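For reference, the structure is listed below as structure tokens.
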Amino acid sequence: MSRKIGDVILDLQNISLRFGGVKALTDISFNIREHEVRAIIGPNGAGKSSMLNVINGVYHPQDGKIFYRGVERKKMEPHMAASTGIARTFQNIALFKGMSVLDNIMTGRTLKMKSNMLLQALWLGPAQKEEIAHRRKVEEIIDFLEIQHIRKTPVGRLPYGLQKRVDLGRALAMEPQILLLDEPMAGMNVEEKQDMCRFILDVNDQFGTTIVLIEHDMGVVMDISDRVVVLDYGKKIGDGLPDEVRSSPEVIKAYLGAGH
Amino acid sequence: MPTQVNFDSLDGLHTFPRLLFHHAKVRPNAPAMREKYLGIWQTWTWSDVAERVRALACGLASLGFKRGDNLAIVGDNRPHLYMMMSAAQCLGGVPVPLYQDAVAAEMLFVLQDAGVRFAIVEDQEQVDKLLEIKDQLPSLEHIIYDDPRGMRHYNQPFLHDVHELMEMGRIHDRNHSDFLNDEVEKGHFDDVSVMLYTSGTTGKPKGVCQTHAAFIAAAQGGAQVDKLGAEGDILSYLPMAWVGDHLFSFAQSLVCGFTINCPESGETVMTDLREIGPTYYFAPPRVFESLLTSVQIRMEDAGPLKQRLFHHFMAVAKRCGGDILDGKPVSGGDRFQYWLGNLLIYGPLRNVLGMSRIRVAYTAGAAIGPELFSFYRSIGINLKQLYGQTETCAYVCLQPDGQVKSDTVGAPAPGVEIKIADNGEVLVKGAMLLKEYYKRPDATAESINADGYFLTGDAGFLDEDGHLKIIDRAKDVGKLSNGAMFAPNYIENKLKFYPFVKEAVCFGHDRDMVCAFINIDVGAVGNWAERRNIAYSGYTDLAGKAQVLEMIKSCIEEVNAALAHDAMVADSQVHRFLVLHKELDPDDDELTRTRKVRRNFIAEKYKVLIDALYGGKGKQYIETEVKFEDGRRGKVSADLAIIDVKTFPIAKKAA
Numbered sequence: 090m091s092r093k094i095g096d097v098i099l100d101l102q103n104i105s106l107r108f109g110g111v112k113a114l115t116d117i118s119f120n121i122r123e124h125e126v127r128a129i130i131g132p133n134g135a136g137k138s139s140m141l142n143v144i145n146g147v148y149h150p151q152d153g154k155i156f157y158r159g160v161e162r163k164k165m166e167p168h169m170a171a172s173t174g175i176a177r178t179f180q181n182i183a184l185f186k187g188m189s190v191l192d193n194i195m196t197g198r199t200l201k202m203k204s205n206m207l208l209q210a211l212w213l214g215p216a217q218k219e220e221i222a223h224r225r226k227v228e229e230i231i232d233f234l235e236i237q238h239i240r241k242t243p244v245g246r247l248p249y250g251l252q253k254r255v256d257l258g259r260a261l262a263m264e265p266q267i268l269l270l271d272e273p274m275a276g277m278n279v280e281e282k283q284d285m286c287r288f289i290l291d292v293n294d295q296f297g298t299t300i301v302l303i304e305h306d307m308g309v310v311m312d313i314s315d316r317v318v319v320l321d322y323g324k325k326i327g328d329g330l331p332d333e334v335r336s337s338p339e340v341i342k343a344y345l346g347a348g349h
Numbered sequence: 178m179p180t181q182v183n184f185d186s187l188d189g190l191h192t193f194p195r196l197l198f199h200h201a202k203v204r205p206n207a208p209a210m211r212e213k214y215l216g217i218w219q220t221w222t223w224s225d226v227a228e229r230v231r232a233l234a235c236g237l238a239s240l241g242f243k244r245g246d247n248l249a250i251v252g253d254n255r256p257h258l259y260m261m262m263s264a265a266q267c268l269g270g271v272p273v274p275l276y277q278d279a280v281a282a283e284m285l286f287v288l289q290d291a292g293v294r295f296a297i298v299e300d301q302e303q304v305d306k307l308l309e310i311k312d313q314l315p316s317l318e319h320i321i322y323d324d325p326r327g328m329r330h331y332n333q334p335f336l337h338d339v340h341e342l343m344e345m346g347r348i349h350d351r352n353h354s355d356f357l358n359d360e361v362e363k364g365h366f367d368d369v370s371v372m373l374y375t376s377g378t379t380g381k382p383k384g385v386c387q388t389h390a391a392f393i394a395a396a397q398g399g400a401q402v403d404k405l406g407a408e409g410d411i412l413s414y415l416p417m418a419w420v421g422d423h424l425f426s427f428a429q430s431l432v433c434g435f436t437i438n439c440p441e442s443g444e445t446v447m448t449d450l451r452e453i454g455p456t457y458y459f460a461p462p463r464v465f466e467s468l469l470t471s472v473q474i475r476m477e478d479a480g481p482l483k484q485r486l487f488h489h490f491m492a493v494a495k496r497c498g499g500d501i502l503d504g505k506p507v508s509g510g511d512r513f514q515y516w517l518g519n520l521l522i523y524g525p526l527r528n529v530l531g532m533s534r535i536r537v538a539y540t541a542g543a544a545i546g547p548e549l550f551s552f553y554r555s556i557g558i559n560l561k562q563l564y565g566q567t568e569t570c571a572y573v574c575l576q577p578d579g580q581v582k583s584d585t586v587g588a589p590a591p592g593v594e595i596k597i598a599d600n601g602e603v604l605v606k607g608a609m610l611l612k613e614y615y616k617r618p619d620a621t622a623e624s625i626n627a628d629g630y631f632l633t634g635d636a637g638f639l640d641e642d643g644h645l646k647i648i649d650r651a652k653d654v655g656k657l658s659n660g661a662m663f664a665p666n667y668i669e670n671k672l673k674f675y676p677f678v679k680e681a682v683c684f685g686h687d688r689d690m691v692c693a694f695i696n697i698d699v700g701a702v703g704n705w706a707e708r709r710n711i712a713y714s715g716y717t718d719l720a721g722k723a724q725v726l727e728m729i730k731s732c733i734e735e736v737n738a739a740l741a742h743d744a745m746v747a748d749s750q751v752h753r754f755l756v757l758h759k760e761l762d763p764d765d766d767e768l769t770r771t772r773k774v775r776r777n778f779i780a781e782k783y784k785v786l787i788d789a790l791y792g793g794k795g796k797q798y799i800e801t802e803v804k805f806e807d808g809r810r811g812k813v814s815a816d817l818a819i820i821d822v823k824t825f826p827i828a829k830k831a832a
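Chains E and Y, in that order, give the protein sequences. FYI, the numbering for the first sequence is 90 to 349, going by this note's numbering. FYI, the numbering for the second sequence is 178 to 832, going by this note's numbering.
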């Protein structure tokens, strides 16, 4: 792969997150570089999804600092994360089941629409022009993800693997700088996984999007990520290139149990 | 072989490039091609296409493409791939389309055989395939790709974006403005215009070389029969390597000047079909079958009023629809009912199927069930059959309007001569015959006889109206002991048109009567049994039920009744049959992977059963070893009942 990995875009320093007395994350530091594919792995309950939620502002860590493009980030809400260019997909698909694929992806453009609601409702002048421009962008995503044949199909009628793809499309519609993917391959068969891997790599390659990925399938993680951070019980136990992580004794212990 | 076509009427337009530039001159702004891009149909006019073809051809020339070179084309139906076909022809080269879903190793033989130096492919997937085998293709010099997606990191110097090629061509064209016109002028109608490889079910694939003259003759003949003009649309979705697509999309479009429409992707064909509403349509029988099934399924979910309307008017259509289409006399009452039905049911139905504007639809490639065939005709879609092979530009017989019969493939097309050989084989002659098999003079000599007839390998006969009826592959046709012709496939196909019959194997060569093995269709028969409260545990159990045997028997009797009307095959009525205790399976070597029955293997494996059929027994015990999908082996045994079927006296031996 010949992408140029750039400077640190997101720097997390000494993050700790507690829910009452439960420590979800303890003193975790790592960074994410521009244009890289960064995987977060770990056994169940290790704090991976909490970490993503910290990154996009759903949870607010009690301790620690987050620097986004070198600027310290204050407490913020998820929609602010979205407008600064962070998009995500969800472990449990979060789409409008009764709406078509096209409309679902269109919702990803909402933040980018500038005309007011009344004009949009009446589909007048500038709103019409704006929608056509957004529609073109959405069609490019549909083309990119090869889902032309289900453009007009309600999402609820699609198989799981395709719904995941639409979820990715909705996140892509925001034209994010950082894309957070929460288990994009969970519950997929081998072929669907291969497709998804290809799309993730294509997104990273063609749009230069930085990707943060949570995934359980080790084969996938080792294949597509540039760097991997490993969590266990809310602590960081490994960080580095896939091969380094794979051979780290602590990681092996966390995954396979002691004695291996 | 020499071609004898009347080219005076063509004003010198006797090669495809000349036709293309002619259209660009006389109808520059008419649509030539459409493709859906980002959800919107984009149109190229004839002058756009001509400009691009010019640029592509000059681009190829500046890469060193020369007269006589072969250009491999791999990909879905895309405008640029069709344009590249024309571009190669402009330079006196030969396009060689390949099946796009073949794996690299399968393409290797064709690419080596054709000595390909240039290839145009659709996308990264196809580029990867070619790169995989490039080591074994020393002759391959340049690969051009249409879709740049994912190609950013490919920096091999021999890879070119199609737009880059066009730019090179435009510069070349500016510097040598007479070059291309001269090249087109040099083209002769007896030059090879395209090379299509036969699928190679028997041995290695062979490259069939067809001349401009042959394809133009075939396209003109078809256009003449169906009165095709420049107004019209066709959806081009069948593989470009297939002769049918080359005739309908490429050759006829250039001869008549109608519009080619390329679907967005393989999966969107049905939607695109509705949006385009083609006037001219071509599909193999299985496409028509799946369309009908989807209609039936959706009808079952409809409300009771709609269902009643549908069934009432479908009965009307069945009674008189076909006759109305054929222009035969129909009573006033029926006409009124049909008019009403057209308003309420047939019109909307055609619209849903994307067939509102269809003037002519064709099917070919396999036998089509009479029910299926007449369904489409009865709702006002002019569905017809044709017959031909790669070697004859898919142009031998066409069903003329008003003379459509479900069991023949139509009358010889204009300019085609048909002769039936002594062994029943169909021989054809005409301008559309192949020039030769590429680098295979032996095969060419074998397939064309001394009188210039091509040996099709199909057995058939001409009926009383002079329509050709194909019954079987010539090598499968045998004789009953009384000397009458025995065509197993013909009878088996007739049996398989019943939804309850999944597979049938007929025996009769050198015997005094025809007997059959039947495989029931578990889905259809199971459904049938459930509705009658017949309990069963599995295939073997269901196949042995007396009611099921009785039902199959009535199906076979209907087939016998139909056979009795046909002098040529009347002796082949099925006298006795049994329903096999297991499904024929490719895992047990009883079927080929493409699900064709391996007659001889089955005959040997179930010799006991055949002996019982011909020995007059009423029952036979059999035990068979089967392989399960996970590799385990097991045994299936049953006591099979052998049933005598009513046969019918031969209706008219006179013919």
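Ideal Cβ positions, reconstructed from N, Cα and C, are used throughout, including at glycine. Being a predicted model, the structure only gives us computed values, none of them experimental.
| query | result |
| --- | --- |
| Does any C-beta atom of chain Y lie closer than 8 Å to the C-beta of E/E123? | no |
| Taking only beta-carbon atoms, is Y/L726 less than 8 Å away from chain E? | no |
| Using the beta-carbon of each residue, which ones in chain E are nearer than 7 Å to Y/E302? | Those do not exist, as Y/E302 stays about 10 Å from chain E at its closest Cβ, beyond 7 Å. |
| According to DSSP, is Y/A831 part of a helix, a strand, or is it coil? | Since pLDDT at Y/A831 reaches only 43, below the 50 mark, its modelled position is unreliable, and the value read off the structure follows with that caveat. Three-state DSSP puts Y/A831 in coil, outside helix and strand. |
| At what residues does the beta strand (DSSP E) containing E/N103 begin and finish? | 97 to 108 |
| Terminal residues of the continuous alpha helix (DSSP H) containing Y/T621? | 618 to 624 |
| Going along the chain, which residues of its own chain have a beta-carbon closer than 7 Å to the beta-carbon of Y/E734, five neighbours each way excluded? | V822, K823 |
| Can you list the residues of chain Y that E/E228 reaches, using a CB-CB cut of under 9 Å? | Y214, L215, G216, I217 |
| Less than 8 Å between the beta carbons of E/I194 and E/R259, yes or no? | yes |
| On the DSSP letters alone, give me the boundaries of the alpha helix (DSSP H) that E/Q266 sits inside. | Where E/Q266 is concerned, there is no enclosing alpha helix (DSSP H), given that its DSSP letter is neither H nor E. |
| Using DSSP's beta-bridge definition, name the partner residues of Y/G399. | DSSP lists no partner for Y/G399. |
| Identify the contact partners of E/D232 in chain Y, using a Cβ-Cβ distance below 7 Å as the criterion. | L215 |
| Just to confirm, are Y/A395 and Y/M609 a CB contact at a threshold of 8 Å? | yes |
| Would you tell me roughly how many angstroms separate the C-alpha atoms of Y/G703 and Y/A492, rounded to the nearest one? | 26 Å |
| If contacts are defined as beta-carbon pairs under 8 Å, then Y/L563 and Y/C570 qualify, I think. What distance do you get, rounded to the angstrom? | The Cβ separation is near 11 Å, so there is no contact. |
| Quick test of your reading: Y/S551 and Y/S508, contact by CB under 8 Å. State the CB separation rounded to the nearest angstrom. | Incorrect: roughly 19 Å between the Cβ atoms, too far for contact. |
| With 16 other CB atoms within 10 Å as the buried threshold, where does Y/Q266 fall? | buried |
| Using only alpha-carbon positions, find the residue among Y/V385, Y/V230, Y/E302 that is nearest to Y/E613. | Y/V385 |
| Of all Cβ atoms in chain E, is any one closer than 8 Å to the Cβ of Y/T445? | yes |
| State yes or no: is the beta carbon of E/Q237 nearer than 8 Å to at least one beta carbon in chain Y? | yes |
| DSSP has E/L114 in a bridge; who is on the other side? | E/L106 |
| At 7 Å on the CB atoms, spell out the chain E contacts of Y/E680, in chain order. | Near Y/E680 there are no residues of chain E at all, since even the closest Cβ is about 30 Å away, more than 7 Å. |
| When the distance is taken between beta carbons, is Y/I545 closer than 8 Å to Y/P462? | yes |
| Helix, strand or coil for Y/S814, going by three-state DSSP, please let me know. | strand |
| Specify the secondary structure class of Y/T585 as computed by DSSP and reduced to three states. | coil |
| Run through DSSP, which three-state label would Y/C570 get? | coil |
| For chain E, is any of its Cβ atoms less than 8 Å away from the one on Y/E568? | no |
| Does the distance from the C-beta atom of E/F119 to that of E/L101 stay below 8 Å? | yes |
| Show which residues of chain Y have a CB atom less than 7 Å away from the CB atom of E/D291. | G327 |
| Comparing C-alpha positions only, which one of E/H305, E/Q283, E/E264, E/K93 sits nearest to E/I230? | E/E264 |
| When the Cα of E/R127 is compared with those of E/Y344, E/L211, E/G327, which residue comes out closest? | E/G327 |
| For Y/N413, return the contacting residues in chain E, with the cut-off set at a CB-CB distance below 7 Å. | One point to set straight first is that residue 413 of chain Y is Ser, not Asn, in the sequence displayed. Result: empty, since nearest Cβ-Cβ is about 17 Å, beyond 7 Å. |
| Is E/S189 closer than 8 Å to E/P243 when the C-beta atoms are compared? | yes |
| Cα separation between Y/G406 and E/Q217? | 39 Å |
| State yes or no: is the C-beta of Y/Q231 within less than 8 Å of the C-beta of Y/D350? | For the sequence presented, residue 231 of chain Y should be read as Arg rather than Gln. Yes. Within cutoff. |
| Taking the continuous beta strand (DSSP E) assigned at E/I155, which residues delimit it? | 152 to 157 |
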